[in-house]
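Residues are numbered in my numbering as their position in the sequence shown, beginning at 1, plus a constant of 258.
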Amino acid sequence: MLEIRHLDSLIALAETGNLTRAGEKVSLSQSALSHQMRGLEEHYGFDLFERKTSPLRWTRAGERLLVLAYEVKRLTRDAERDLARIGQGTAGTLRIAVECHSCFDWLMPAMDSLREGWPDVEMD
259 MLEIRHLDSL IALAETGNLT RAGEKVSLSQ SALSHQMRGL EEHYGFDLFE RKTSPLRWTR
319 AGERLLVLAY EVKRLTRDAE RDLARIGQGT AGTLRIAVEC HSCFDWLMPA MDSLREGWPD
379 VEMD
């Protein structure tokens, strides 16, 4: 099963082109990283890269997985950022209900000001 740590390893391999240096980036020995990659290859039934070349040469399937790894990591960073903003109260949804028409004279400018100061807060 694919885990975030596998994606980190794939990205480290892409950035270094070398199992030893990639292992150092993700705090694994060369042997442990190679074993981790072998496990993924056995699980999914295809090679990710050619081991006999230096730097590593990715297979088509490996290249595709690498693209997905970068995308998942980007989405993970976005989710962490958004969740932090929600936790800090700087993102979310603000719902305002009013019944008097005269409230709109002051409410609309106030909402515009809120939107400028809190761009990640959705207002209904």
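Using N, Cα and C, we set each Cβ at its ideal position, and we do this for glycine too.
Less than 9 angstroms between the C-beta atoms of A270 and W316, yes or no? no
Residue burial classification, G297 (beta-carbon count within 10 angstroms, cutoff 16): exposed
Helix, strand or coil: which one does DSSP assign to R315? strand
Paired residues, beta bridge with Q274 - DSSP: Going by the sequence as given, residue 274 is Thr instead of Gln. T274 is not bridged to any residue.
Under the assumption that L265 contacts V325 (Cβ atoms under 8 angstroms), give the Cβ distance between them as a whole number of angstroms. Their Cβ separation, rounded to whole angstroms, is 11 angstroms, which puts L265 and V325 out of contact at 8 angstroms.
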